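Residue numbers for the sequence shown follow UniProt numbering, beginning at 1 and rising by one.
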Amino acid sequence: MSRKHKNKARKPGLSPGELSGFDHSDENDIADIYLIRYDENEVVEGKIESVEDMIVPPADNNQVYWYNIDGVNNPNQLADIEKKYRLHPLLMEDVASAEQRPKLDDYDDCLFLTVKMIRHDDKTNEIFSEQVSFVIKPNLILSFQEKNKEGDVFNPNRERLRQNKGKMRRKGADYLLYSLLDTIVDHYFEIMEYVGDTLEVIEQEMLTNPEPVKLKELYKFRRDLIYLRKSVWPLREVIVKLERDECSMIGEDVKPFLRDVYDHTIQVIETVESTRDILSGIVDVYLSSVSNRMNSVMKVLTVISTIFMPLAFITGLYGMNFDNMPELHTQNGYYAVLVLCGTIALGMLIYFQRKKWL
């Protein structure tokens with residue numbers, strides 16, 4: 001299992017809000033823009049060809065517009081979106097940066113928050129991570145994702161809108177934001193469940209047959225858990241601000257739902273911490289198993305060496321090149337030495353077994 005993690009750093013020395021200063025900036029990489037426009041009576045969705053075709057909903061509009069911008073590499077396209085919706089330059093800089101810490105900024109006319117969307121691929125057993133940013137205005141949500149072929153986790157939300165399940169079609173953009181955040185946090189649970197199940201299997205294998213390959217896999221899990229912890233801890237602060245602060249874009253009727261997301265976030269954090277403890281315990285079990293195996297091998301080698309010490313002494317004694325050694329001329333001396341060596345070796349084996357050293 002591995003985590004897809006790209007380094008998208010901003011070049012130093014650039015002015016604040018400049019969008020073309022990232023290593024991944026590419027003016028030829030056009031983002032895909034998808035719209036879902038809905039109210040209680042209908043849902044309209046489709047692909048938007050350009051930023052010019054995007055709509056700024058009027059203040060008295062009853063429909064919610066959700067634009068999902070799949071790709072943040074084109075600085076010109078991001079600048080057009082910034083101009084069209086009158087967004088703060090620093091906000092768009094955070095959108096373009098894929099290494100932002102999850103956070104919430106309350107501007108005069110909009111809310112901005114960025115989180116980490118993490119999901120597990122069942123086919124490859126890889127964990128994919130990407131940054132998702134949200135801009136919330138009255139009856140409008142702009143969601144920005146890194147362009148990738150793996151897709152996102154929001155298909156259940158889209159299906160609920162299409163099939164008019166739950167309260168989404170009767171609520172505003174703030175409820176849609178809650179629903180998207182809830183889906184992201186739910187996928188954290190799925191990842192932790194996968195990690196926990198895999199660690200149980202590895203633990204059983206470690207007890208029976210510890211292998212260095214499994215140790216490498218454990219350290220991969222350790223890195224993933226560290227990254228997940230770095231993603232979830234700041235998200236807790238984001239949810240607290242949304243639920244407790246007087247955010248102009250969040251209605252009082254939505255805050256109880258955000259409190260539920262906060263509870264789920266705390267559960268994820270606790271699960272991450274307990275899983276890290278389990279992981280450390282498995283590593284200790286592996287090291288203990290390897291140490292015990294080495295001790296067993298060393299015990300056998302020590303016993304063998306101890307048995308051969310008197311035998312080596314006897315053979316060395318009679319291997320000395322002296323003329324006056326009476327035993328050298330004994331007719332059955334060779335066989336007597338063999339019997340003596342065998343008796344000593346057998347006696348030492350019996351002694352070691354009685355002492356339970358074997």
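Positions of the beta carbon are idealized from the N, C-alpha and C atoms, including for glycine. All figures in this text were calculated on a predicted structure; none of them were measured in a lab.
Quiz item: According to the Cβ coordinates, are residue 166 and residue 64 closer than 8 Å?
Solution: no
Exercise. Using three-state DSSP, classify residue 360 as helix, strand or coil.
Key: A question about residue 360 goes unanswered here, because the residues of the chain that appear run from 1 up to 358.
Quiz item: residue 142 by DSSP, collapsed to three states: which one?
Solution: strand
Quiz item: Excluding the five sequence neighbours on either side, which residues of its own chain have a C-beta within less than 8 Å of the C-beta of residue 286, listed in chain order?
Solution: 206, 210, 214, 215 and 218
Self-check item: Secondary structure, alpha helix (DSSP H): runs of 4+ residues fully inside the stretch 81–112
Solution: 89–96
Quiz item: In chain order, which continuous runs of the beta strand (DSSP E) of length 3 or greater are located wholly inside the stretch 22–77?
Solution: 32–38, 43–48 and 64–70
Quiz item: CA-CA distance, residue 157 and residue 203?
Solution: 37 Å
Quiz item: How close, in whole Å, do the beta carbons of residue 249 and residue 184 come, if the pair is a contact with beta carbons under 8 Å?
Solution: That belief does not hold up - the Cβ atoms of residue 249 and residue 184 are roughly 18 Å apart, past 8 Å.
Quiz item: Starting from residue 222 and walking both ways along the alpha helix (DSSP H), at which residues does that stretch end?
Solution: 212–244
Quiz item: Among 319, 132 and 163, which has the Cα closest to the Cα of residue 151?
Solution: 132
Practice problem: Could you spell out the range, first to last residue, of the alpha helix (DSSP H) harbouring residue 292? | Solution: 255–317
Exercise. Say yes only if the C-beta of residue 330 is nearer than 7 Å to one or more non-hydrogen atoms of the ligand FAD, and no if none qualify.
Key: The ligand FAD is absent from the structure shown, which contains no ligand whatsoever.
Quiz item: How close, in whole Å, do the beta carbons of residue 307 and residue 336 come, if the pair is a contact with beta carbons under 8 Å?
Solution: Going by Cβ atoms, the distance from residue 307 to residue 336 rounds to 19 Å, so no, they are not a contact pair.
Quiz prompt | Three-state secondary structure assigned by DSSP to residue 250 | solution = coil
Quiz prompt | Cβ-based burial, residue 73 [other Cβ within 10 Å; buried from 16] | solution = buried
Quiz prompt | For residue 233 and residue 66, the rounded distance between their alpha carbons | solution = 27 Å
Quiz item: Near residue 105, what residues of its chain come up, given a Cβ to Cβ distance below 6 Å and the 5 sequence neighbours on each side ignored?
Solution: 112
Quiz item: For residue 130, does the count of other Cβ atoms within 10 angstroms reach 16, so buried, or fall short, so exposed?
Solution: buried
Exercise. Find out if the Cβ-Cβ distance for the pair residue 278, residue 199 is shorter than 8 Å.
Key: yes
Practice problem: Name, in chain order, the residues that DSSP records as bridge partners for residue 119. | Solution: 128
Quiz item: Looking at the unbroken alpha helix (DSSP H) that takes in residue 198, where does it start and where does it end?
Solution: 173–208
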